[in-house]
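Asks: My structure is below; once you've seen it, I'll send some questions.
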Amino acid sequence: MTSGLIDIGVNLTSSRFDDDREAVLAAALGGETPPLAALIITGTSLAESRAAVALCDQYGQHYPQQLSATAGIHPHSASDYSSGSIAELAELARHPSVVAIGETGLDFNRNFSPPESQQRSFVGHIELAAETGLPLFLHERDASARLLDILSQHRDHFRGGVLHCFTGDKKALYGYLDLDLYIGITGWVCDERRGLELQRLVREIPAERLLLESDAPYLLPRTLRPKPKQGRNQPCYLTEVLTTVAALRGDRADQLAATTAANSRRLFGLPDAP
């Protein structure tokens, strides 16, 4: 039984869902025994954050208390950060559907925005999280040392956050845990090619700090059978991540679903399940 499962990160504003977004939501949240209890739509730019909130408004009546959103500017787009954009994010953050500030952080893997721009944007997001009392939805690639340094400098001022789609090493994991952050696990853990270190580390994440997410339409679990023809991930496939993580940890899937859902509700202030 996985009906209590919560997907803390789905890119539902992606154009890859334009043709069947309602069906994707129905597969995740509809029916008598839906695989998910709730999902959080990720905001990765001003436009995408507005779109995420709009989707919560659009479908909220059909799925009451099951849809939430984040508001932020991804480090790839950090060059777009300005005093005007952070003011618009602050306005969005007042919407009742917004439960976190982000996606924000540092990505030194591709550097689509210069590191200096990324760090300036990141600090602005931390300050907004402190101002609003909302947790941070964090992204990091090849930048754990600098991310931890910045977070440590500001840790007394924001109330918490999650390292979304964690794929780092043991040193990074324990650095995040030492800052009382949550750890988000995606279908990366189902990848027999690049997920081997994560498969080992997932056992070391304290149960009370573990969250699950699809990151759909990306990171389709490679263990999923049958494989979807279009190769697109969906929130309803989060059950595959749950099954894999439970097996790696030696947990029962239903208990892990309940634990991670409780963690999600605690971090993001989500309402209790009806």
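First residue of the sequence shown: 388, per the working numbering; consecutive thereafter. Note that CB positions come from ideal geometry on N, CA and C, so glycine has one too. Quick caveat, the model's predicted, so the values are computed rather than measured.
Distance check for P613 and L625, CA to CA, integer angstroms please.
Replies: One-based indexing of the sequence shown puts residue 625 at position 238. One-based indexing of the sequence shown puts residue 613 at position 226. If you take the alpha carbons of L625 and P613, they lie about 15 Å apart.
Asks: Just verifying my parser: in three-state terms, what is the DSSP assignment at F655?
Replies: Translated into positions along the sequence shown, residue 655 becomes position 268. Looking at F655 - three-state DSSP - the assignment turns out to be helix.
Asks: Report, in whole angstroms, the separation of the C-beta atoms of L523 and H512, which I expect to be a contact under 8 Å.
Replies: Stepping through the sequence shown from its first residue, residue 523 is reached at position 136. Stepping through the sequence shown from its first residue, residue 512 is reached at position 125. So it is a contact: roughly 7 Å between Cβ atoms.
Asks: Over the uninterrupted alpha helix (DSSP H) stretch that includes F509, give me the two end residues.
Replies: Translated into the one-based positions of the sequence shown, residue 509 becomes position 122. Its alpha helix (DSSP H) spans residues P502 to T519.
Asks: By DSSP, does D602 sit in helix, in strand, or in coil?
Replies: Numbered from its first residue, the sequence shown carries residue 602 at position 215. Coil.
Asks: Rounded to the nearest angstrom, how far is the Cβ of Y605 from that of N398, given a contact under 8 Å?
Replies: As a first step, residue 605 is located in the sequence shown; it is residue number 218 there, counting from the start. As a first step, residue 398 is located in the sequence shown; it is residue number 11 there, counting from the start. Confirmed, Cβ separation roughly 7 Å.
Asks: Quick check: the Cα distance between T582 and N496, rounded to an integer number of angstroms?
Replies: By 1-based counting over the sequence shown, the position of residue 582 is 195. By 1-based counting over the sequence shown, the position of residue 496 is 109. First, the amino acid is wrong: residue 582 is Gly here, not Thr. Cα to Cα, G582 sits roughly 17 Å from N496.
Asks: If you follow the beta strand (DSSP E) that L493 is in, where does it begin and where does it stop?
Replies: Looking up residue 493 in the sequence shown gives position 106. Taken as a continuous stretch (DSSP letters only), the beta strand (DSSP E) holding L493 covers V485 to D494.
Asks: When the Cα of H461 is compared with those of R528, G417, C443 and P483, which residue comes out closest?
Replies: Mapped onto the sequence shown, residue 461 falls at position 74. That would be R528, whose Cα lies nearest to the Cα of H461.
Asks: On the criterion of 16 or more Cβ atoms from any shown chain inside 10 Å, does E419 qualify as buried, or is it exposed?
Replies: Residue mapping note: residue 419 aligns to position 32 of the sequence shown, counting from 1. Exposed.
Asks: Tell me the residue span of the beta strand (DSSP E) that contains R636.
Replies: To locate residue 636, count along the sequence shown from 1; it is residue 249. R636 -> not in any beta strand (DSSP E); alpha helix (DSSP H) instead, spanning L625 to R636.
Asks: In the DSSP output, which residue or residues are listed as bridge partners for H526?
Replies: One-based indexing of the sequence shown puts residue 526 at position 139. Answer is G492, bridged to H526.
Asks: Suppose the cutoff is 7 Å on Cβ atoms and the five residues either side in sequence are ignored; what does the same chain contact list for Q586 look like?
Replies: Taking the first residue of the sequence shown as position 1, residue 586 is located at position 199. The answer, listed in chain order, is V576 and L635.
Asks: Taking only the alpha-carbon atoms, compute the straight-line gap between E478 and Q617 and give it to the nearest angstrom.
Replies: Residue 478 sits at position 91 when you count from the first residue of the sequence shown. Residue 617 sits at position 230 when you count from the first residue of the sequence shown. For E478 and Q617, the distance between alpha carbons rounds to 37 Å.
Asks: Quick one: which unbroken alpha helix (DSSP H) runs of 4-plus residues sit fully inside the segment 534-606? Chain order, please.
Replies: As far as the segment 534-606 is concerned, its whole alpha helix (DSSP H) runs of at least 4 residues are 557-565 and 583-588.
Asks: Tell me, to the nearest whole angstrom, how far the beta carbon of G430 is from that of A439; I am working on the premise that it is less than 8 Å.
Replies: Locating residue 430 in the sequence shown gives position 43, where the first residue counts as 1. Locating residue 439 in the sequence shown gives position 52, where the first residue counts as 1. Contact holds; Cβ gap of about 5 Å.
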